[in-house]
Amino acid sequence: MSSSLAKRASEAQTFGTVAQASSQVRAGDSILLAAGEYSEHVVLTQSGTTDNPIVIEAEAPGSVVFSGDGAGFWAGLPSSEGLAKSLSSAATCNTISGIEFRDNGNRPVVRTGSGWRVENCLFERVCMALDVRNADNVVIIGCTFQDIECNDAHAIIGVYAHGCQIVDCTIRRVNTRKETNIPHSAVVKFLFSNNVLVENVLSEDNCGPGWWFDWENRDFTIRNCTLRNNYGRENDWEGPGMWLEGNPAGNSKVHDNLIEGNTGGGVAILESNGIEVYSNTLIGNGINVEIRNLDRGDDKRIGDLHVHDNYIADWIEAGIGTTAGDWGGWDAHASNVRIDNNRYAWSGDALLFRWVEEYCWSINEVRDILGFEYNGVMEYPQPPQLSLPDMGAVVVAVNVGGAEYTASSGIRYEADMGYHGGFSERTDKDIADTPDDEIYQTNRYGSFGYHFGVPVAEYELTLQFAEAFWSDEGQRLFDVRVEGQTVIDNLDICAEVGPDAPYDVRTTFVVADGALDIEFSAETDYAIVSGLVVRLVGAGTDLGFSNPSAEPSSFPGTTFRGLGMGGSLARRTNGPITGDPRRFAIYDSRGRLLAAPEFSPARKLRNRAAIFYLMRSDP
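In our numbering, each residue carries its 1-based index in the sequence shown increased by 135.
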């Protein structure tokens, strides 16, 4: 095939080979390749400049194919010199554009020099597509890497590739024959490279990591990428969305990416520090955010890590989890690890956090045990919406861990519903002193909760317990919170009634936000519950004030009652409370005074801005 060399607009030359043309070019020249198939291994030794690069391009994009053993472009050295000693300064600022590379054998197809630009190229059925070594400020843009197979299958390798940019590229189906040993290197790998940008890259269906920053990379950015459906060769953990491994202190950012369906970690942070992970969507990965902390040197330990404002859903093992590591004596907070303000979508019975030796199924446990996620949110599936019955009647009864059942009292229990987290189990033991063994023989255990949509009102909750596993005091201790308030603290069922016996606890509370939340967490072993019954005991009419701080003078002679628990009610004032404290009072639904007469415009309720939900009482 012939190539045309355009030195200037008024002068062009035609050459029989690309190598001949490349030996004659100078900065600002272009080599236009005629349509056809080429088998040359071209070593480029001439340099362009940043403003006037040497351009090698297909006359028509996609019409030029380089194939055959070794066909491609290398900077600086003949192939016999090997890869590790690339003298990239010998051929800088070259551009390769619009060329397809196929079936090129086991050597790298394109080995760049500094300032190179590889654009709109296809690399297909090759072994190692792009080799960026000792080459700064390389731009790889608009390229596709696919169906890459051999015992060293890589789309891109970068070593001392400072300032490299990989933009608008697709990487897919690399190492699907599983010939490459993933823990050594696979798919994409960068080492000893600073200020690398990865933007709008799709990396999917690879056997190995969707992306890998491995060892001594600093100040990298991964943004607006999609990393999905990557999988392991022998183990699930070998298929992460990305591995960030052995990277010392810097200012690296991972943000606004979609990372889903990878068998390993979504974002796997391994012995690295100085990384901010934010505004990502992580769905259906083995562990959506994985943290590993092996002892690989003082500068390669987990630290200065900020994970925030991500959406995390449908994880397999844990939403956020630690894996292998030298965790003894390591303290997350002392190491400036911050995890907060993330939004989680409930993922069935899977752990929310698996952190060293701690296991958390709920946001409250993460806060209480680990000191993370004070502003985090757990989203649950739409809860069962329950309507109000007559006063005193049952709103809902649940046979926890069991099937539908009608108790001896006539109460109809629903099959287990409205739960998140925990595990169900059943015993065949006889439960003493009750005709309703069917309720107490099943349970849900672990750290878990129940969530129901209910109207604003006051309710009574009966929690039904039986200890059918342990037989001695102190073997199980747990807490229960209702609407954010602890109603049971360190319950020891055996200490109360012994094993294999029913134990019921009743509590009243107010739902002011339209959702009933019951959370169970353990002090020793697991929390447990066998049944729950919710009754309506008090209701009112919402006045719908948009600004409860306004003086309610338009309702002379009317008493307003606030529904709430412990003086913390459901609506925050927009400003200071106004009005005569002798005429303005807040009551609960049982008529108990919550604030007044000591409550005045100069004070806050319980040292907080006043929070309340106003209800009109019956005359």
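Cβ atoms here follow ideal geometry from the backbone N, Cα and C, with glycine treated the same way.
According to DSSP, is residue i part of a helix, a strand, or is it coil?
{"i": "ASP572", "result": "helix"}
{"i": "ARG242", "result": "coil"}
{"i": "ASP755", "result": "Residue coverage of the chain in this structure runs from 136 to 754, which leaves residue 755 outside it and unanswerable."}
{"i": "TRP372", "result": "helix"}
{"i": "MET750", "result": "Caution is warranted here: a pLDDT of 36 is assigned to MET750, below 50, making its placement in the model unreliable, and no coordinate value can be reported."}
{"i": "ASN286", "result": "coil"}
{"i": "GLU797", "result": "Past the edges of the chain, shown from 136 to 754, lies residue 797, and the structure says nothing about it."}
{"i": "ARG358", "result": "strand"}
{"i": "ASN364", "result": "coil"}
{"i": "VAL501", "result": "helix"}
{"i": "GLU172", "result": "strand"}
{"i": "ASN272", "result": "coil"}
{"i": "TRP251", "result": "coil"}
{"i": "PRO637", "result": "strand"}
{"i": "HIS555", "result": "strand"}
{"i": "ASP767", "result": "This structure leaves residue 767 out entirely; the chain is present only between 136 and 754."}
Could you give the first and the last residue of the continuous beta strand (DSSP E) run that contains residue i?
{"i": "CYS495", "result": "493-495"}
{"i": "ALA459", "result": "453-460"}
{"i": "VAL402", "result": "400-405"}
{"i": "GLN281", "result": "279-283"}
{"i": "THR230", "result": "229-232"}
{"i": "GLU618", "result": "No beta strand (DSSP E) contains GLU618, which DSSP labels as neither H nor E."}
{"i": "LYS388", "result": "387-390"}
{"i": "ASN408", "result": "408-413"}
{"i": "HIS441", "result": "438-443"}
{"i": "LYS324", "result": "322-326"}
{"i": "VAL535", "result": "That residue, VAL535, is in no beta strand (DSSP E); it is neither H nor E in DSSP."}
{"i": "ARG260", "result": "That residue, ARG260, is in no beta strand (DSSP E); it is neither H nor E in DSSP."}
{"i": "TYR585", "result": "577-588"}
{"i": "ASN423", "result": "422-428"}
Could you check the C-alpha separation between residue i and residue j for me, to the nearest Å?
{"i": "ALA206", "j": "ARG353", "result": "33 Å"}
{"i": "CYS360", "j": "ILE166", "result": "33 Å"}
{"i": "PHE488", "j": "GLY584", "result": "15 Å"}
{"i": "ASP551", "j": "LEU405", "result": "40 Å"}
{"i": "ASN415", "j": "LEU393", "result": "6 Å"}
{"i": "ALA469", "j": "TYR413", "result": "21 Å"}
{"i": "SER198", "j": "ASN272", "result": "28 Å"}
{"i": "GLN155", "j": "ARG312", "result": "38 Å"}
{"i": "TYR580", "j": "GLY483", "result": "14 Å"}
{"i": "GLN159", "j": "ARG268", "result": "25 Å"}
{"i": "ARG161", "j": "ILE189", "result": "7 Å"}
{"i": "LEU486", "j": "VAL472", "result": "20 Å"}
{"i": "GLU493", "j": "ARG427", "result": "15 Å"}
{"i": "GLU608", "j": "GLU631", "result": "9 Å"}
{"i": "ALA384", "j": "VAL402", "result": "18 Å"}
{"i": "ALA264", "j": "ASP282", "result": "11 Å"}
{"i": "ASN373", "j": "ALA453", "result": "Checking the displayed sequence, the identity of residue 373 turns out to be Glu instead of Asn. Distance between the alpha carbons of GLU373 and ALA453: 16 Å."}
{"i": "LEU417", "j": "ASN423", "result": "6 Å"}
{"i": "ILE231", "j": "ILE301", "result": "14 Å"}
{"i": "SER582", "j": "THR643", "result": "22 Å"}
{"i": "LEU521", "j": "ILE653", "result": "15 Å"}
{"i": "THR562", "j": "PRO570", "result": "16 Å"}
{"i": "SER559", "j": "GLU602", "result": "14 Å"}
{"i": "ARG478", "j": "GLY511", "result": "6 Å"}
Could you tell me the boundaries of the alpha helix (DSSP H) in which residue i lies?
{"i": "SER157", "result": "153-157"}
{"i": "VAL632", "result": "628-632"}
Excluding the 5 residues preceding and the 5 following residue i in the sequence, name in chain order all residues of the same chain whose CB lies nearer than 8 Å to its CB.
{"i": "GLY527", "result": "ARG670, LEU671, VAL672"}
{"i": "GLU175", "result": "THR152, VAL153, ALA154, PHE201, ALA206"}
{"i": "ARG436", "result": "GLU406, ASN408, ASN428, ASP430, TRP465, SER470"}
{"i": "ASP635", "result": "LYS564, ASP565, ILE566, ALA567, ALA601, GLU602, ALA603"}
Please check the pair residue i and residue j, which I expect to be a contact at CB under 8 Å, by giving their CB distance rounded to whole angstroms.
{"i": "PHE613", "j": "GLU658", "result": "6 Å"}
{"i": "THR577", "j": "VAL529", "result": "Not really, about 19 Å apart at Cβ, beyond 8 Å."}
{"i": "PHE150", "j": "LEU179", "result": "At roughly 14 Å, the Cβ-Cβ gap does not stay under 8 Å, so PHE150 and LEU179 are not in contact."}
{"i": "GLY250", "j": "THR185", "result": "6 Å"}
{"i": "ALA195", "j": "ALA170", "result": "6 Å"}
{"i": "GLN181", "j": "ALA210", "result": "No, GLN181 and ALA210 are not in contact; Cβ-Cβ is about 10 Å, not under 8 Å."}
{"i": "GLY432", "j": "SER497", "result": "Contact flag wrong, Cβ pair sits at about 36 Å."}
Can you give me the Cβ contacts of residue i inside the same chain, cut-off strictly under 6 Å, excluding the 5 residues immediately before and after it?
{"i": "GLY396", "result": "ARG363, ASN364, GLY419"}
{"i": "GLY240", "result": "ASP204, GLY205"}
{"i": "ARG307", "result": "GLN281, GLU339, ASP340"}
{"i": "ALA321", "result": "ASN310, THR315, GLY343"}
{"i": "THR541", "result": "ARG547"}
{"i": "GLY277", "result": "GLU254, ASN255, ASP303"}
{"i": "ALA467", "result": "none"}
Flag residue i as yes when its Cβ comes closer than 6 Å to any non-hydrogen atom of the ligand GDP, and as no otherwise.
{"i": "GLU194", "result": "Inclusion of the ligand GDP in the displayed structure is not the case, the ligand content being empty and no account of it being possible."}
Can you name, in chain order, every residue of its own chain whose Cβ lies under 7 Å from the Cβ of residue i, other than the five neighbours on each side?
{"i": "TYR295", "result": "ARG268, ASN269, PHE327, SER328"}
{"i": "GLY506", "result": "HIS468"}
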